[in-house]
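K.L.:
To start, I am sharing the structure in question, which I have written as structure tokens.
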Amino acid sequence: MKTFTTDPDYLDILSAWHGSPHLSPIRRKELLQRLGQDADLRTAIAEEIEMAGLVRAAQSGEPRWLELEEILSSSQNSPLSFEDEILSQVSSKPRMPWLSLLTRPSFAWLAMAATLVFAFVIPSEKQMPDGVARILRYEGSDSSVQKDFEFRKGEPFQFKDGLVEVAFQESGVHLIGKGPLEMTVIDHDRLFLNEGEIKLVVPPQGIGFVVDTMERKFVDLGTSFVVQASNLGSRVLVLDGEIAVGERDGKGSRLMTEGGLANFNRNGEVSPHSTRPSGVPEVHKDIQGTKLGALLGSIIGFPRDEQIPNPAPEESPISRKLLPLVQSKFSDPACLNKLKKGNPIRFRGIAGTYDLFPQRTGLVPYSENNGWIAWYQGKVKAPQKGKYRFWGYADNNLLVAVNGEPVFEGSRYDSSFRTELNIPRNNHPSFPCLNARAGFASGPWFESGDTPVQIDLLFGESQGNKTSSLLLIEQEGASYDQTYWGQPKWPLFATEEFSAPEKKELNKLKNHMEEKIMGSFSIPGAELWSVVQ
Amino acid sequence: MPQNPQSFDPDLVVSQVIDGNKDAYRLIVAEYSLLVRGFLSARIYHLDDAEDLAQETFVTAYEKLEKYEIGTNFRAWLMSIAQFLLNNHWRKYGNRATVMEKFRHDIAESIQTELKVAHEDVDESRIPKLLDCITQLPDNLRKVIRSGLEGEKISILAKELNLQANAVYQLRHRAHVALRKCMGQTTSST
Numbered sequence: 001m002k003t004f005t006t007d008p009d010y011l012d013i014l015s016a017w018h019g020s021p022h023l024s025p026i027r028r029k030e031l032l033q034r035l036g037q038d039a040d041l042r043t044a045i046a047e048e049i050e051m052a053g054l055v056r057a058a059q060s061g062e063p064r065w066l067e068l069e070e071i072l073s074s075s076q077n078s079p080l081s082f083e084d085e086i087l088s089q090v091s092s093k094p095r096m097p098w099l100s101l102l103t104r105p106s107f108a109w110l111a112m113a114a115t116l117v118f119a120f121v122i123p124s125e126k127q128m129p130d131g132v133a134r135i136l137r138y139e140g141s142d143s144s145v146q147k148d149f150e151f152r153k154g155e156p157f158q159f160k161d162g163l164v165e166v167a168f169q170e171s172g173v174h175l176i177g178k179g180p181l182e183m184t185v186i187d188h189d190r191l192f193l194n195e196g197e198i199k200l201v202v203p204p205q206g207i208g209f210v211v212d213t214m215e216r217k218f219v220d221l222g223t224s225f226v227v228q229a230s231n232l233g234s235r236v237l238v239l240d241g242e243i244a245v246g247e248r249d250g251k252g253s254r255l256m257t258e259g260g261l262a263n264f265n266r267n268g269e270v271s272p273h274s275t276r277p278s279g280v281p282e283v284h285k286d287i288q289g290t291k292l293g294a295l296l297g298s299i300i301g302f303p304r305d306e307q308i309p310n311p312a313p314e315e316s317p318i319s320r321k322l323l324p325l326v327q328s329k330f331s332d333p334a335c336l337n338k339l340k341k342g343n344p345i346r347f348r349g350i351a352g353t354y355d356l357f358p359q360r361t362g363l364v365p366y367s368e369n370n371g372w373i374a375w376y377q378g379k380v381k382a383p384q385k386g387k388y389r390f391w392g393y394a395d396n397n398l399l400v401a402v403n404g405e406p407v408f409e410g411s412r413y414d415s416s417f418r419t420e421l422n423i424p425r426n427n428h429p430s431f432p433c434l435n436a437r438a439g440f441a442s443g444p445w446f447e448s449g450d451t452p453v454q455i456d457l458l459f460g461e462s463q464g465n466k467t468s469s470l471l472l473i474e475q476e477g478a479s480y481d482q483t484y485w486g487q488p489k490w491p492l493f494a495t496e497e498f499s500a501p502e503k504k505e506l507n508k509l510k511n512h513m514e515e516k517i518m519g520s521f522s523i524p525g526a527e528l529w530s531v532v533q
Numbered sequence: 534m535p536q537n538p539q540s541f542d543p544d545l546v547v548s549q550v551i552d553g554n555k556d557a558y559r560l561i562v563a564e565y566s567l568l569v570r571g572f573l574s575a576r577i578y579h580l581d582d583a584e585d586l587a588q589e590t591f592v593t594a595y596e597k598l599e600k601y602e603i604g605t606n607f608r609a610w611l612m613s614i615a616q617f618l619l620n621n622h623w624r625k626y627g628n629r630a631t632v633m634e635k636f637r638h639d640i641a642e643s644i645q646t647e648l649k650v651a652h653e654d655v656d657e658s659r660i661p662k663l664l665d666c667i668t669q670l671p672d673n674l675r676k677v678i679r680s681g682l683e684g685e686k687i688s689i690l691a692k693e694l695n696l697q698a699n700a701v702y703q704l705r706h707r708a709h710v711a712l713r714k715c716m717g718q719t720t721s722s723t
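Take a look at the structure:
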């Protein structure tokens, strides 16, 4: 057998496999050709990869497989008798009060909804084993809602206020419902939403999960999304991934992708939907000009007619262009020489959408297709000596460096900051956010003491003008309020106090996030960082 | 870990689970966990994704256990589920992958047959030795192996060891050869 350990192709393939950030398209083609022609090389690579996987798994510790554990702990019976056991458990539980629905003024509407449920979606009695979903958590004042309640197929459910978390068995779908809410659990992969708002997080095995409303059916294709229903119609907001929206009669369907928002009125017509894919409000903060004690920056973009030579299809030209700046620890700005700059700007925190940012900061006209980036820099001092870490995300580019070393990268997958720099980053899907399947990202802890630190912050858009982002900071050991679903409300990273109108807008954004996106933050008070001139 | 890997009989355990001893399924998980996780970790770059798919493999296998034909090859049956889920994973996320992620996928496609052979060569009864074998490696090889977890950058490790990045891959290869030898397995390449 040949020895490959000094073969550059072998080494380049392994390097790519283990996360090398970049190989030119020509080199990638060459390597694939070589692999196609050399059986010995294929064997050597395969053995190396297989062993690396085994070693990686062995060293990563014992996995915490909660779903599997839940299945194995749920009963001592075999899979065959599992449903029978659930049936016996559920039949002894108090049922949700159907009769109370009859006393409601919306009886006629509910009756129509119920008719639809039974006519279209509930399988026949013979096909209805029980125990398809369970209440994991309830935060509210409605005493009729009980933790661990098991839903049978066709089980109606309503509550007045608060938040409920429901897990669907088999499909693994998690539902967070906000009261007042009325829905019917059809099966482990289907529900009918009569009224209220639900957010669904659908894992891979739950693909195909269906939410029916009076107007439409929404079929998940691997995503998380929010559905609202009322007597006026229904509304869907796709937080991530893709869903199919079909007619109630099964005719026609169309795909909606992340950020998509659509309203359907009671006649089934599609209302004009938001032109803002993120659905997040834009916060109007005072960002122009210089000011004593401000963290200053500038906005950068390619000149309007700039042609980017052969850009890789999924890469962000502006983030790629700025890589040398980051790699030089922000000491060599030569890569910016031919770029266009807007007006001087001040850092006022990063939160919400920034669709009009290039216009507001004087960058327009510029090459919209190649994106823009704001670079803020200066010496800052922490409010208290201690360890800190950043949290957040951006559509598309977000990077923070302290004393030249990147300490946070919260960009989307198509940013070169993410693909090329390998900055340590933890993703937190359980803290969902608008545009990132991975949820909020966090960086490693860093120290900030009495001595000010140099901060460099890059934030911007890869292409077009639909930009949103959030940048928060956590101090180790500090306690923060949490949302109902357990997400700490870390403060915005900011260096200037917000005015009353700004606070009002930020609160509006926060409420919007909590209600629509299941994300949150807090407005900094004592947590403000100071800028050292 | 299984009490006596040498004598582990998956068919016996599967029969116990189907007969109602749900806890016995934990023996299956303990016996094949590292094998499945290793298989997926070798094929998926992000360790979290690999771990999620590994769990899904065992959940699916549990749900479909009745469909397994006693007397055939349980390991092959289990791995076919893992492979199926892996294919689904790629179908689902492939269109969102970065250029380099797609390239890694192309590599995996090119060496699919060889990867299958390499995986079949892994003797699950010897896997429990792996951690012991890692501890027996010389310092520099052990350091390279320990850096194999996600998040460790080869460039940083190379700097730390005062080596070129390629030399780190060469060291890792040497470590793998040593580990296979320690585990009592053979390799076709050197």
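Heads up: the protein sequence lines correspond to chains A and B, in order.
Heads up: the first sequence at position 383 corresponds to 383 in this note's numbering, and the numbers run straight through without jumps.
Heads up: the second sequence at position 100 corresponds to 633 in this note's numbering, and the numbers run straight through without jumps.
Just so you know, even glycine gets a beta-carbon here, dropped at the ideal spot from N, CA and C.
Owing to the predicted nature of the structure, the values given are computational and were not obtained by experimental measurement.
(1) May I have the straight-line CA-CA distance separating arginine 637 of chain B from tryptophan 17 of chain A, to the nearest angstrom?
(2) Among B/Pro661, B/Glu599, B/Ala583, which residue has its Cα nearest to the Cα of tryptophan 623 of chain B?
(3) Going straight from the alpha carbon of glutamine 533 of chain A to that of arginine 418 of chain A, what length do you get?
(4) Quick test of your reading: glutamate 242 of chain A and threonine 223 of chain A, contact by CB under 8 Å. State the CB separation rounded to the nearest angstrom.
(5) Using the three-state DSSP reduction, which class does methionine 214 of chain A fall into: helix, strand or coil?
(6) According to the neighbour-count rule (16 or more other Cβ atoms, all chains shown, within 10 Å of its Cβ), is proline 524 of chain A buried or exposed?
(7) Determine the chain A residues that contact histidine 709 of chain B at a beta-carbon separation under 8 Å, and present them in chain order.
(8) What residues in the segment 600-615 of chain B have a beta carbon less than 8 Å from any beta carbon of chain A?
(9) So, helix, strand or coil for tyrosine 138 of chain A, using DSSP?
(10) Give a yes or no on whether the minimum CB-CB distance between glutamine 463 of chain A and chain B is below 8 Å.
(11) For valine 364 of chain A, which of helix, strand or coil comes out of DSSP?
(12) What residues match up with aspartate 355 of chain A in a beta bridge as DSSP calls it?
(13) Quick one: Cα of phenylalanine 493 of chain A to Cα of histidine 284 of chain A, how far?
(14) Short of 7 Å in beta carbon distance, which residues of its chain neighbour threonine 5 of chain A, apart from the five on each side in sequence? Order them along the chain.
(15) Going by the beta-carbon positions, is the gap between alanine 587 of chain B and arginine 576 of chain B smaller than 8 Å?
(16) To the nearest angstrom, report how far apart alanine 401 of chain A and asparagine 370 of chain A are at their CA atoms.
(17) Would you list the residues sitting across from tyrosine 393 of chain A in a DSSP beta bridge?
(18) Verify the CB distance criterion: does glutamine 59 of chain A have a CB-CB separation below 8 Å to chain B?
(19) Closer than 9 Å between beta carbons: that is the criterion. Which residues of the segment 574-594 of chain B meet it against chain A?
(20) At what residues does the alpha helix (DSSP H) containing valine 546 of chain B begin and finish?
(21) With a 10 Å radius around its C-beta and 16 neighbouring C-beta atoms as the bar for buried, classify leucine 232 of chain A as buried or exposed.
(22) So, at 6 Å on beta carbons, what are the nonlocal neighbours of glutamine 288 of chain A in its own chain, with the 5 sequence-adjacent residues on each side left out?
(23) Could you give the residue range of the alpha helix (DSSP H) that holds phenylalanine 617 of chain B?
(24) Give the interface partners of glycine 179 of chain A over in chain B, defined as CB-CB distance under 7 Å, in chain order.
(25) Can you list, in chain order, the residues of its chain with a C-beta nearer than 6 Å to that of phenylalanine 168 of chain A? Leave out the 5 residues immediately preceding and following it.
(26) Counting only beta-carbon atoms, is asparagine 673 of chain B nearer than 8 Å to chain A?
(27) Does tyrosine 413 of chain A come out as helix, strand or coil in the three-state DSSP assignment?
(28) Note down, in chain order, every chain B residue with its Cβ under 9 Å from the Cβ of proline 324 of chain A.
(29) Where tryptophan 65 of chain A and tyrosine 558 of chain B are concerned, what is the direct C-alpha to C-alpha distance, given to the nearest angstrom?
(30) Give the interface partners of serine 15 of chain A over in chain B, defined as CB-CB distance under 8 Å, in chain order.
(31) So tyrosine 413 of chain A contacts chain B; which residues on that side make the cut at Cβ distance below 9 Å?
P.N.:
Judging by the given coordinates:
(1) 6 Å
(2) B/Ala583
(3) 31 Å
(4) 6 Å
(5) coil
(6) buried
(7) Glu47, Glu48, Met51, Ala52, Val55
(8) none
(9) Per DSSP, reduced to three states, the secondary structure at tyrosine 138 of chain A is strand.
(10) no
(11) coil
(12) BP columns for aspartate 355 of chain A are empty, so no partner.
(13) 17 Å
(14) none
(15) no
(16) 23 Å
(17) The partner list for tyrosine 393 of chain A (beta bridge, DSSP) reads A/Leu470.
(18) yes
(19) Ser574, Ala575, Arg576, Ile577, Tyr578, His579, Leu580, Asp581, Ala583, Glu584, Asp585, Leu586, Ala587, Gln588, Glu589, Phe591, Val592, Thr593
(20) 543-551
(21) exposed
(22) none
(23) 607-626
(24) The premise fails here: glycine 179 of chain A is roughly 31 Å from chain B at the closest Cβ pair, so nothing lies under 7 Å.
(25) Ala133, His188
(26) No, asparagine 673 of chain B does not count as interfacial toward chain A.
(27) coil
(28) Counting only Cβ-Cβ distances below 9 Å, proline 324 of chain A has no contacts in chain B at all, with the closest Cβ about 16 Å away.
(29) Approximately 14 Å, taken between the alpha carbons.
(30) Ile687, Ala698, Asn699, Tyr702
(31) Arg629, Ala630, Thr631, Glu634
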